[in-house]
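Residue numbers (UniProt numbering): 1 to 134.
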């Protein structure tokens, strides 16, 4: 067993097919697609996913932390979704500690491997964000 998720194996196969069709695809990196999706401004997230849905409901930050918990529960297999959710949670006002605590809490339900994987993905996003700020 290669230790890779089914998604990673599928992506490798898709990359090999793309390279067969076009040798210039040898440098293709799926993470590059994430940079094409801008981080939504906090106000837009509030309107779309937060208080815009229900004035008495959850704010966008809380909804994104819940989404992150759910993605962790699924075994953090969707790398892009976890990274984008962390990025948007930070933009919505979540602290690094709140993100880490949300992921750590899921270890009780999803297990240590899922928590560790989600934490690695979140840490990478937070380090990228720190590099962008300097």
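Even glycine gets a Cβ: it sits at the ideal position worked out from N, Cα and C.
Here the structure is a predicted model, which is why all the values come from computation and not from measurement.
Whether residue i touches residue j by CB criterion (9 Å)
i: residue 119; j: residue 73; result: no
i: residue 23; j: residue 75; result: no
i: residue 103; j: residue 64; result: no
i: residue 58; j: residue 71; result: no
i: residue 7; j: residue 97; result: no
Whole-angstrom distance between residue j and residue i, CA atom to CA atom
i: residue 99; j: residue 10; result: 29 Å
i: residue 55; j: residue 18; result: 47 Å
i: residue 124; j: residue 20; result: 31 Å
i: residue 62; j: residue 126; result: 18 Å
For residue i, the first and last residue of its enclosing alpha helix (DSSP H)
i: residue 16; result: 6-21
i: residue 79; result: 79-91
i: residue 111; result: It is not in any alpha helix (DSSP H) - residue 111 carries neither H nor E in the DSSP assignment.
Three-state class that DSSP yields for residue i in the structure shown
i: residue 106; result: coil
i: residue 116; result: helix
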